[in-house]
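Asks: Numbering (our numbering), first residue to last: 29 to 236. The beta-carbon is built from N, C-alpha and C at its ideal position, and this holds for glycine as well.
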Amino acid sequence: MEDELISEVGFSYIDNTPFEGLHIAVSLVVRLSDAVVDEIEEEPTKTYFHHYRTVNAYIDRAAEKLVLLLNRNGYRAAAVPASQSVGEYAGRFSHKKCAVKAGLGSIGKSALFLSYKYGPRVRLGTVFTNAPIDTESHEYRDLCGDCKICAESCRAMAIRGINYVPGMERSEIFDAHACSEFMKKEFQSIGRGAVCGVCMRVCPRGIK
Ligand code: B12
29 MEDELISEVG FSYIDNTPFE GLHIAVSLVV RLSDAVVDEI EEEPTKTYFH
79 HYRTVNAYID RAAEKLVLLL NRNGYRAAAV PASQSVGEYA GRFSHKKCAV
129 KAGLGSIGKS ALFLSYKYGP RVRLGTVFTN APIDTESHEY RDLCGDCKIC
179 AESCRAMAIR GINYVPGMER SEIFDAHACS EFMKKEFQSI GRGAVCGVCM
229 RVCPRGIK
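(1) Just to confirm, does C175 get its C-beta within under 8 Å of one of the non-hydrogen atoms of the ligand B12?
(2) Please list the terminal residues of the continuous alpha helix (DSSP H) segment that includes S13.
(3) When every heavy atom of the ligand B12 is checked, does at least one fall within less than 8 Å of the C-beta of I135?
(4) Residue range of the beta strand (DSSP E) that E200 falls in?
(5) Which runs of the alpha helix (DSSP H) at least 4 residues long sit entirely within the region 45 to 125? Give them in chain order.
(6) Check for me: the alpha helix (DSSP H) holding I177 runs from which residue to which?
(7) Determine which residues share a DSSP beta bridge with L33 and list them.
(8) Would you say the beta carbon of N101 is closer than 8 Å to some non-hydrogen atom of the ligand B12?
(9) Have a look at I161, S61 and C182 and flag the residue whose alpha-carbon is nearest the alpha-carbon of Y103.
(10) By the DSSP assignment, the beta strand (DSSP E) with V150 in it spans what residues?
(11) Out of I190, T45, R229 and V57, which one is the CA nearest neighbour of T157?
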C-alpha cells in the first residue's frame, strides 16, 4: 500500500459478512479534491464526474492491491467494488457501515458517511479478510445537530432532515429512489445520471 495515498484506514468486525468466513473489514477512505467539489453549485460538474470515476478506479486498485498482499501472506481476502450496484439501490455491502463501525465517522442527515476528519467529501472502499486483525468498538457521535442544509439544498427532496441514530434503516432518513430518479432525469448529460454531489458540497463538516 505504500505508494497509495489513502487518507485513512480503519478496521471492524462484521458479523453478516458478504464473503464467507471473512469477518474483518478494512475500510479505505480517500479524500476528494476540495477544488473540484467546491465547483458544484446547483448541479454536478463534468470535472466532478471525472474525479468520481477516477477516484473509484483508484480505490478499486488500492483495494485489489491489498487483496493481493493479504493473499501473498496466506490469508483470504476480497474487495467490495467502490461503486457497483447489485440490488435495488444497494451494493454488495455498505462501505458506510464498515467505516462507521471502524470509528472513522458517522452518518449524516444526508445519509452520507461523515468522516470525523473530512466530513462527507470522501469516497470509500472495503476489503474483507480472515487475517487476524484486532478491532474495537467505538462510540457513535452525531455530527449534524440542528443543521439541515443538505435537506434544504436537495432538489430531489430525497433527504428527510432526520438525525441518523444507529439501527435506523436508510429509508427512514433518505429516499434513494427520489435521489436516483432525479439524477437520471436532470444530470444525464453531465454525469450519465450517476452523480449529483450537492448534499456533499454544502455540508459544513466538509468545508475548510
Ligand atoms: C446504491 C448506491 C447509491 C444509490 C442509493 C443511495 C444510498 N445512500 O445507498 C443512489 C444512486 C441513490 C446513490 C446516490 C449517491 N451516492 Co451512492 N452508492 C451506492 C452504493 C453503490 C451502495 C449503497 C448501499 O448498499 N446502500 C444500502 C444501504 C442499506 O446502506 P448504506 O446507505 O450504505 O448505509 C446505511 C446503513 O448501513 C446504516 N449504517 C451505518 N452505520 C451502521 C452501522 C451498523 C452496525 C448498522 C447495522 C447499520 C449502519 O446507515 C446507512 C444509512 O444510509 C455505495 C457503494 C457501497 N457499496 O457502499 C455508493 C455510495 C453510498 N455513494 C456515494 C455517493 C458519494 C453518492 C452520491 C453523492 C452521488 C455522487 N457520487 O455524486 C449520492 C448521495 C446520496 C445520499 N445522500 O446518500 C458514496 C458515499 C460516500 C460518503 N461520504 O458517504 C458511496 C459509499 C460510494 C463510495 N465508494 O464512496 N448511491
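Replies: Inspection of the coordinates gives the following:
(1) The answer is no for C175.
(2) With the chain represented from 29 up to 236, any question about residue 13 goes unanswered, as that position is not in the structure.
(3) Yes, Cβ of I135 sits closer than 8 Å to a heavy atom of the ligand B12.
(4) Element bounds for E200: not the beta strand (DSSP E) but the alpha helix (DSSP H), R198 to I201.
(5) Taken in chain order, the unbroken stretches of alpha helix (DSSP H) that lie wholly in the region 45 to 125 and span 4 residues or more are 62 to 65 and 74 to 100.
(6) Note, I177: alpha helix (DSSP H), I177 to S181.
(7) The partner list for L33 (beta bridge, DSSP) is empty, contrary to what the question assumes.
(8) Relative to the ligand B12, the beta carbon of N101 is positioned no closer than 8 Å to any heavy atom.
(9) Comparing Cα positions, the closest option is I161.
(10) Residue range V150 to T157 is occupied by the beta strand (DSSP E) that includes V150.
(11) Residue nearest to T157 within the set I190, T45, R229 and V57 is T45 (criterion: CA-CA distance).
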